[in-house]
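Chains A and B, in that order, are what the protein sequence lines are.
Sequential numbering of the first sequence, starting at 129, is according to our numbering.
Sequential numbering of the second sequence, starting at 129, is according to our numbering.
Idealized CB from N, CA, C, for every residue including glycine.
Reviewing the structure listed below.
2 protein chains.
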Amino acid sequence: MSESDDIRELLERRAAALRAGDAERLVADYLPDVVAFTLAPPLAHTAPEVLDPEAKRAWLASFDSAVDFEVRDLRISVDGDLAFCHSLNRMSAVPRGRQEPFTLWYRSTVCLRRVDGVWRVAHEHDSTPFHMDGSFSAALDLTP
Amino acid sequence: MSESDDIRELLERRAAALRAGDAERLVADYLPDVVAFTLAPPLAHTAPEVLDPEAKRAWLASFDSAVDFEVRDLRISVDGDLAFCHSLNRMSAVPRGRQEPFTLWYRSTVCLRRVDGVWRVAHEHDSTPFHMDGSFSAALDLTP
């Protein structure tokens, strides 16, 4: 199995954890010094917050449905003990108290380091662009 | 000189090019297969658009001042022929026709590959988060 397959498996395991609402699994791959740039403020998230499954659990509990999740245009680069990946991801879920699911396409970059033979997430960057039409609203309506 | 110093130098050269308004220099480090996730839509930018200095020139021409640029919390990881970096960046400039500069802090991830002994940019991801208060406005008011 190539190293690229190892990374692909890790990403698929993380996608499965998101679909299953498994908060522990979602934080298990992070390195202690992880820096995460997420969809929500502040600019950067670090330990202990990022490593705490409670925050993920609270976020998952804000939906009345399971999270549907799709990854497109994934590209993986690996050399030595470093890897980086980027993709366009779709997330759909029904917010608590609503009838209809929202659907959001966003950009995702995941950077990994192999530590003691195990690939771990060192950095994660999820985002949407924003409209430059003077509204400065997040561009939540884009599709690949 | 360590490889991390090589990367730091490349990033500093790019910062200097931005401050100097040097559009050619800004696109010179990109690999032909670069995928850029930028502050503005669409979700992803690829060649030939990203490699065209004309687009950068038009963007730089939308300011009445030079671009002031600062990089904070830069972390660089290098192994073999891969590297990834992330930082919080501040950009300030006076939009054309305005009196006052705007200032924007955003997150930046730069992923590099060494090709024929030269470090090149394979992937770039710049973004702001957005407010989850129902306004869905880009969070342009954040500071590190």
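query                                                                                                                                                                                                          : result
Verify whether the separation of the beta carbon atoms of residue 270 of chain B and residue 264 of chain A is less than 8 Å.                                                                                  : no
Among residues of its own chain, excluding the 5 on either side of residue 153 of chain A, which ones have a beta-carbon nearer than 6 Å to its beta-carbon?                                                   : 145
Could you tell me which residues DSSP puts in a beta bridge with residue 215 of chain A?                                                                                                                       : A:236
For residue 132 of chain B, which option in B:211, B:228, B:196, B:200 has the closest C-alpha, if you only look at C-alpha atoms?                                                                             : B:211
At what residue ranges does the region 161-212 of chain A contain a whole run of the alpha helix (DSSP H), taking only runs of 4 or more?                                                                      : 181-188
Does DSSP put residue 226 of chain B in a helix, a strand or coil?                                                                                                                                             : coil
Please classify residue 254 of chain A as buried or exposed, where buried requires at least 16 neighbouring CB atoms within 10 angstroms.                                                                      : buried
Any chance the CB of residue 139 of chain B is under 7 Å from a heavy atom of the ligand PLP?                                                                                                                  : The ligand PLP is absent from the structure shown, which contains no ligands of any kind.
Are at least three pairs of beta-carbons, each pair with one atom in the region 219-234 of chain B and one in the region 232-241 of chain A, less than 8 Å apart?                                              : no
Would residue 231 of chain B count as contacting chain A if we go by Cβ distances under 8 Å?                                                                                                                   : no
Is residue 212 of chain A close to chain B? Criterion is C-beta to C-beta, closer than 8 Å.                                                                                                                    : yes
When you check each C-beta in the region 221-251 of chain B against every C-beta of chain A, which residues fall closer than 7 Å?                                                                              : 233, 235, 237, 239, 241, 250, 251
Check each residue of the region 151-178 of chain A: if its Cβ is closer than 7 Å to any Cβ of chain B, include it; give the result in chain order.                                                            : 163, 165, 166, 167, 168, 169, 170, 171, 172
Starting from the C-beta of residue 191 of chain A, find all residues in its chain whose C-beta is less than 7 Å away, skip the five residues before and the five after it, and write them out in chain order. : 221, 222, 223, 224
Would a C-beta distance cut-off of 8 Å place residue 158 of chain A and residue 248 of chain A closer than the cut-off?                                                                                        : yes
Taking only beta-carbon positions, decide if residue 260 of chain A is within less than 8 Å of chain B.                                                                                                        : yes
Please confirm whether residue 203 of chain A has its beta-carbon closer than 8 Å to some beta-carbon of chain B.                                                                                              : yes
Pick from B:209, B:229, B:188: whose alpha carbon is nearest that of residue 134 of chain B?                                                                                                                   : B:209
Is the CB-CB distance between residue 155 of chain B and residue 181 of chain B below 8 Å?                                                                                                                     : yes
Less than 8 Å separating the beta-carbons of residue 172 of chain B and residue 216 of chain A?                                                                                                                : yes
Residue 267 of chain A by DSSP, collapsed to three states: which one?                                                                                                                                          : coil
Go to residue 255 of chain B, then tell me how far its alpha helix (DSSP H) extends in each direction, as first and last residue.                                                                              : Residue 255 of chain B -> not in any alpha helix (DSSP H); beta strand (DSSP E) instead, spanning 246-255.
Can you tell me whether residue 220 of chain B is helix, strand or coil according to DSSP?                                                                                                                     : strand
Closest to residue 250 of chain B by CA distance: which of B:160, B:169, B:140 is it?                                                                                                                          : B:160
Got a sec: which bits of the region 137-151 of chain B sit with their beta carbon under 9 Å from any beta carbon on chain A, in order along the chain?                                                         : none
With which residues is residue 243 of chain B paired in a DSSP beta bridge?                                                                                                                                    : B:246
Looking at the unbroken alpha helix (DSSP H) that takes in residue 133 of chain A, where does it start and where does it end?                                                                                  : 131-148
Using a Cβ-Cβ distance cut-off of 8 Å, determine whether residue 132 of chain B contacts chain A.                                                                                                              : no
Would you call residue 205 of chain A buried or exposed, if buried means 16 or more other Cβ atoms sit within 10 Å of its Cβ?                                                                                  : buried
Using beta carbons (cut-off 8 Å, strictly below), is residue 266 of chain B in contact with chain A?                                                                                                           : yes
Give the C-beta separation of residue 197 of chain A and residue 241 of chain A to the nearest angstrom, bearing in mind that I take them to be a contact with Cβ-Cβ under 8 Å.                                : Not really, about 24 Å apart at Cβ, beyond 8 Å.
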